[in-house]
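Mapping the sequence shown onto full-length UniProt numbering, position 139 (from 1) lands on 139, and the numbers just tick up by one. Every residue gets a Cβ at the ideal spot worked out from N, C-alpha and C, and that includes glycine. Here is the structure we will look at, set down as structure tokens.
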Amino acid sequence: MIKTGCPYCGVGCGLVAEVRDGRLTAVRGDEEHPVNRGRTCRKPLALPEASRSGDRALTPLLRASQDERFRDASWDEALGHVAVRLQRYRPEEIAFYISGQLLTEDYYAVSKLAKGHLGTNNVDSNSRLCMSSAVAAYDATFGADGPPPAYDDIELASTILLLGSNTSACHPILWGRIRAAQEAGATLIVVDPRRTDSAAVADLHLQIRPGTDLALLNAMVAPHELAGEWDAARAADVCGVPAVAIERAARAFADSEASLAMWSMGANQSVEGVAINRALLNLCVVTGQIGRPGAGPFSLTGQPNAMGGRETGGLAHLLPGYRKVVREDHRAEVEAHWGLPTGSIDPKPGLPATDLFEALEDGRVKVVWVVATNPAVSMPDAERVRNALRNAELVIVQDAYHPTETGALAHVLLPSAQWPEKAGTSVNSERRIQLMRAAIDPPGQARADWRIFAALAQRMGFDGFGWNDAAEVYDEFAALTKGRPCDQSGVSHARLQSGSIQWPCRSAQDPGTARLYTDGRFPSDTGKPKLAAAQPGHPADPPDADFPLVLTTGRIASQWHTMTRTAKAPDLVAAEPEPFLELHPEDAKRAWLKDGQLARVTSRRGAVTLKVRLDETLRPGTAFAPFHWGALHAPAGHGGVNDLTHSSTDPVSRQPGLKATAIRVEPVTAR
Ligand code: SF4
1 MIKTGCPYCG VGCGLVAEVR DGRLTAVRGD EEHPVNRGRT CRKPLALPEA
51 SRSGDRALTP LLRASQDERF RDASWDEALG HVAVRLQRYR PEEIAFYISG
101 QLLTEDYYAV SKLAKGHLGT NNVDSNSRLC MSSAVAAYDA TFGADGPPPA
151 YDDIELASTI LLLGSNTSAC HPILWGRIRA AQEAGATLIV VDPRRTDSAA
201 VADLHLQIRP GTDLALLNAM VAPHELAGEW DAARAADVCG VPAVAIERAA
251 RAFADSEASL AMWSMGANQS VEGVAINRAL LNLCVVTGQI GRPGAGPFSL
301 TGQPNAMGGR ETGGLAHLLP GYRKVVREDH RAEVEAHWGL PTGSIDPKPG
351 LPATDLFEAL EDGRVKVVWV VATNPAVSMP DAERVRNALR NAELVIVQDA
401 YHPTETGALA HVLLPSAQWP EKAGTSVNSE RRIQLMRAAI DPPGQARADW
451 RIFAALAQRM GFDGFGWNDA AEVYDEFAAL TKGRPCDQSG VSHARLQSGS
501 IQWPCRSAQD PGTARLYTDG RFPSDTGKPK LAAAQPGHPA DPPDADFPLV
551 LTTGRIASQW HTMTRTAKAP DLVAAEPEPF LELHPEDAKR AWLKDGQLAR
601 VTSRRGAVTL KVRLDETLRP GTAFAPFHWG ALHAPAGHGG VNDLTHSSTD
651 PVSRQPGLKA TAIRVEPVTA R
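And the structure:
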């Protein structure tokens with residue numbers, strides 16, 4: 001029996017892994033864990049099937065072109081091949097596309113390899129699609145990234161505002177805590193264009209038109225200056241909800257003893273995602289709902305270690321310890337820590353995810369190393385991304401499974417260990433660092449991701465990668481956070497053996513920090529929050545006569561990302577066996593579609609086939625589809641939903657606006 005953390009969402013529940021004869025036999029919730037207190041959702045219970053599935057990547061594979069068959073290779077041959085190939089390219093021609101599934105130690109090792117030694121800042125993560133708008137907003141408003149509250153604030157809040165978060169499906173254990181708070185008397189307000197399971201039980205559901213969050217939030221801060229010309233009446237026209245409901249939500253949030261604003265992808269995955277995030281921070285600051293028990297702005301991370309990725313410099317503009325590549329002093333601190341000459345780190349930010357694949361498509365980037373993610377399915381405008389991968393001179397895919405839709409386009413496949421085959425740390429949405437313990441050996445020749453990066457670095461002759469274990473990697477990273485907002489210099493693997501710790505944790509005696517900014521001081525240059533008003537802009541992909549509906553995408557409770565792991569569990573697959581499109585009955589009728597019929601769904605970029613599911617609780621004009629299914633798991637010829645979505649991004653965070661795509665629908669038989 002080994003205690004560890006859940007490898008799925010950013011809630012960061014504690015799990016107990018049962019192991020017999022070197023095999024993982026069962027998984028259950030850890031009753032002593034402060035986040036979930038023994039509970040779990042259904043996904044981790046199916047991990048034993050996923051960990052021993054027949055498509056685990058067991059040995060390095062090589063081939064000269066994407067048309068050839070792979071052949072088995074030794075690690076020595078594969079890493080030698082990669083080392084020789086990388087030396088043929090200029091630093092800016094090399095890119096890494098990594099993942100919030102990685103542990104902090106993996107993230108740190110790849111940041112050091114790429115930004116310190118290969119000289120490329122082209123290291124971006126699928127977290128760019130998940131929470132980069134929150135990162136930019138916290139940084140601009142408070143002077144540093146990082147969600148201020150703790151989960152324990154849920155039980156202390158008297159009003160909870162959930163915006164753009166179907167917490168019931170996407171963060172189920174937090175949802176249980178929110179429901180318990182509601183039952184104990186808290187008011188739950190949900191802002192969502194869909195009547196999700198979360199919205200259905202809210203005390204107040206503001207079912208706004210997709211893309212009108214900013215108008216609503218501006219009206220909620222009226223009459224403060226930040227509201228500009230917005231008030232409830234004007235916002236009601238734009239958002240399509242009654243003014244009285246907006247006023248009620250605003251009063252409930254401002255007047256309650258303690259209000260918590262929680263949000264997720266509905267706010268972040270927008271071309272005005274940073275403005276929406278800043279408006280949420282504005283709301284908390286002007287109403288005094290921050291820095292107190294039960295109060296504050298609380299972005300929820302989608303992935304298990306998106307937070308650790310931010311802290312270790314896993315986005316193209318960052319360096320470890322919330323440092324920025326554009327800051328000379330930050331580069332100098334990191335270079336000194338890494339024992340590198342001054343000027344080793346490029347002062348120019350690397351390419352964010354969408355730009356990275358565009359550059360791969362047009363040949364500016366020639367090599368991409370994809371780690372623990374499946375961009376051929378998960379990136380917006382996915383056919384372009386697949387074309388970019390087809391166009392690359394060298395695609396290295398490092399994954400625990402083979403094939404994936406992305407691995408099918410690789411030249412080099414490096415088999416990685418996954419949960420619970422490697423040790424390391426992970427950080428959840430409330431800044432809680434926990435130990436992910438190794439419970440079983442990796443299969444075949446699979447290795448921990450940080451070990452693969454370290455081996456490649458040593459092969460290329462780089463110093464500073466001689467770590468013996470993950471604890472040493474963590475120690476090196478933690479020392480680099482000293483004095484920084486995400487200070488975890490008081491944390492070590494040894495200390496985490498006795499339990500998880502919330503950063504900042506500045507010394508071995510520091511018990512950690514439940515909530516930030518309780519003294520009213522912020523890490524900005526003035527010591528105060530910098531509030532900024534923002535006006536709603538125009539949609540990036542507006543509906544018109546040809547594409548009259550707005551498609552919003554999201555997750556379902558039984559699946560995770562592109563199904564690489566969750567499709568291996570029959571129980572999870574049985575819960576939702578096929579992809580679907582939810583339509584309002586009026587929209588379906590107008591398109592001659594019935595419940596259960598196959599629809600051709602077309603956007604300005606592509607077309608896919610989905611089974612229609614009528615839902616009269618949707619707003620007419622809005623459609624919904626989960627994004628999980630790609631070519632490997634969707635019925636033959638149906639395609640993945642991200643073949644429809646557009647790649648326009650927020651101008652600051654560069655997070656794609658995945659929540660609003662103009663589409664049309666028609667019966668498949670009519671083609
Ligand atoms: Fe894992 Fe998230 Fe479910 Fe908790 S809520 S058990 S972290 S998937």
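Residue i vs residue j beta-carbon contact at 7 angstroms
i	j	result
residue 566	residue 401	no
residue 486	residue 333	no
residue 188	residue 245	no
residue 174	residue 337	no
residue 281	residue 297	yes
residue 4	residue 437	yes
residue 62	residue 372	no
residue 624	residue 194	yes
residue 106	residue 449	yes
residue 397	residue 370	yes
residue 592	residue 523	no
residue 578	residue 558	no
Which listed residue (the options) has its alpha carbon closest to that of residue i
i	options	result
residue 695	234, 224 and 384	Since the first residue shown for the chain is 1 and the last is 671, residue 695 is missing from the structure and cannot be characterised.
residue 265	506, 442, 192 and 55	192
residue 270	649, 29 and 667	649
residue 711	631, 586 and 145	No answer is possible for residue 711: the residues shown for the chain start at 1 and end at 671.
residue 682	382, 240, 35 and 598	Absent from the structure is residue 682, since the part of the chain shown begins at 1 and ends at 671.
residue 680	646, 517 and 195	As displayed, the chain neither begins before 1 nor continues past 671, which places residue 680 out of reach and without an answer.
residue 133	275, 335, 413 and 501	275
residue 361	380, 473 and 387	387
residue 344	352, 2 and 325	325
residue 79	412, 668 and 21	412
residue 119	633, 142 and 92	92
residue 323	136, 208 and 242	136
residue 601	635, 185, 549 and 263	549
Span separating the alpha-carbon of residue i from that of residue j
i	j	result
residue 569	residue 171	19 angstroms
residue 150	residue 508	21 angstroms
residue 444	residue 528	54 angstroms
residue 671	residue 99	Only weak support is given to the placement of residue 671: the predicted model assigns it a pLDDT of 45, under 50, and the value that follows is read from those uncertain coordinates. Spanning the two alpha carbons is a distance of roughly 39 angstroms.
residue 250	residue 46	42 angstroms
residue 651	residue 272	8 angstroms
residue 457	residue 465	7 angstroms
residue 497	residue 554	36 angstroms
residue 339	residue 114	15 angstroms
residue 220	residue 231	8 angstroms
residue 69	residue 374	20 angstroms
residue 599	residue 434	45 angstroms
residue 131	residue 405	24 angstroms
residue 446	residue 22	16 angstroms
residue 506	residue 478	10 angstroms
residue 19	residue 423	16 angstroms
Neighbourhood of residue i by C-beta distance below 7 angstroms, restricted to the same chain and skipping five residues each side
i	result
residue 547	603, 604, 662, 663 and 664
residue 279	214, 217, 218 and 534
residue 111	123, 312, 313, 314 and 320
residue 614	583, 585, 588 and 595
residue 467	454 and 473
residue 560	8, 43 and 566
residue 72	59 and 61
residue 146	138, 431, 485, 486 and 516
Own chain residues within Cβ distance below 6 angstroms of residue i, not counting five before or after
i	result
residue 389	395 and 409
residue 228	533
residue 378	562
residue 7	304 and 419
Proximal residues to residue i (C-beta, below 8 angstroms), its chain only, five neighbours per side dropped
i	result
residue 258	153, 156, 157, 158, 159, 289, 292, 293, 294 and 295
residue 87	460
residue 200	617
residue 197	166, 168 and 169
residue 49	568, 569 and 570
Distance cut-off 6 angstroms: residue i Cβ against heavy atoms of the ligand NAP
i	result
residue 620	As presented, the structure is devoid of the ligand NAP, carrying the ligand SF4 as its sole ligands.
In chain order, what are the residues with a CB under 6 angstroms from some non-hydrogen atom of the ligand SF4?
-> 6, 8, 9, 11, 12, 13, 36, 40, 41, 43, 44, 171, 172 and 173
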